[in-house]
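For the sequence shown, the UniProt record's numbering begins at 1 and goes up steadily by one.
Where is the CB? At the ideal position from N, CA and C, for every residue including glycine.
Values in this document were obtained by computation on a predicted structure and should not be read as measured data.
All remarks here apply to the structure that follows.
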Amino acid sequence: MVRYLDATEVAQAVQLLQDGTSIRAVARRFAVSPHSLKSMEEIPGDRRNRMSTARALQSDLQQSTNVNVSDQTIRNRLHEGGLKARRPVVGPVLTARHRRARLAFAIDHQNWQLRHWRPVLFTDESRFNLSTCDRRERVWRCRGERYAACNIIQHDRFGGGSAMAWGGISLEGCTG
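In structure tokens, the structure reads:
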């Protein structure tokens, strides 16, 4: 007979795997096959859709369990679990390669002193969209999870009409 893990056991198993416990040891502890844990380990991040609204979660619950609860009850349970509806960080699409390059830059320059930074000019250009965006999206997240990948809404930097602005800053001043 196949044994299924409840949500608490899944969280415990994932934590053990993240702490470096072998898949076989965790499988023995929870009396499941190593293969089921292997597939669980390969799933990046949480499996929940953090963009779901309370009303959508209420509808999903109704369809899957035939239990009817109010959307306010859903919000209350999410709040009890430490989740609050917050605005997601909006940022550019970053691949794993981009993230590695940013980390390498930070590590290479972490011990630079003022004299090293003096001749450096940081420049940036920004595109300001002329089309409207109400930014009313929300994600359900816990405190301290703001920059977790599952809580960031990636945006297309080149959609719609826009205006470009360029600037630079250094220790000596900024560009005009």
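Proximity winner among the options, relative to residue i (alpha-carbon distances)
i	options	result
residue 173	119, 142, 126 and 165	119
residue 94	147, 37, 32 and 24	147
residue 7	72, 81 and 24	81
residue 165	98, 21 and 128	128
residue 126	137, 4, 110 and 91	91
residue 29	163, 64, 96 and 9	9
residue 145	98, 85 and 100	85
residue 87	137, 19 and 79	137
Backbone secondary structure at residue i - three-state DSSP
i	result
residue 45	Note that residue 45 scores 47 on pLDDT, short of 50, meaning its location in the model is unreliable; the coordinates nonetheless yield the value given after this. Three-state result, residue 45: coil.
residue 148	coil
residue 110	coil
residue 65	helix
residue 89	strand
residue 31	coil
residue 139	strand
residue 118	coil
residue 125	strand
residue 170	strand
Cβ neighbours of residue i in the same chain (closer than 7 Å, five flanking residues each side left out)
i	result
residue 61	67 and 69
residue 50	139, 140, 141, 150 and 151
residue 15	none
residue 124	167
residue 117	171
residue 24	34
Test: residue i CB closer than 9 Å to a CB of chain D
i	result
residue 148	Structure shown: chain D not included; a single protein chain is present.
Close Cβ partners of residue i (< 8 Å) along its chain, the five nearest in sequence each way excluded
i	result
residue 177	Missing from the structure shown is residue 177; the chain here goes from 1 to 176 and no further.
Buried or exposed by the 16-neighbour rule on C-beta atoms within 10 Å, applied to residue i
i	result
residue 89	exposed
residue 13	buried
residue 37	buried
Cβ-based neighbour list, residue i, same chain, cut-off 6 Å, excluding 5 preceding and 5 following
i	result
residue 74	54, 57 and 58
residue 154	93
Cβ separation of residue i and residue j, assumed to be a contact under 8 Å, to the nearest whole Å
i	j	result
residue 105	residue 169	So it is not a contact: roughly 17 Å between Cβ atoms.
residue 130	residue 161	4 Å
residue 3	residue 31	6 Å
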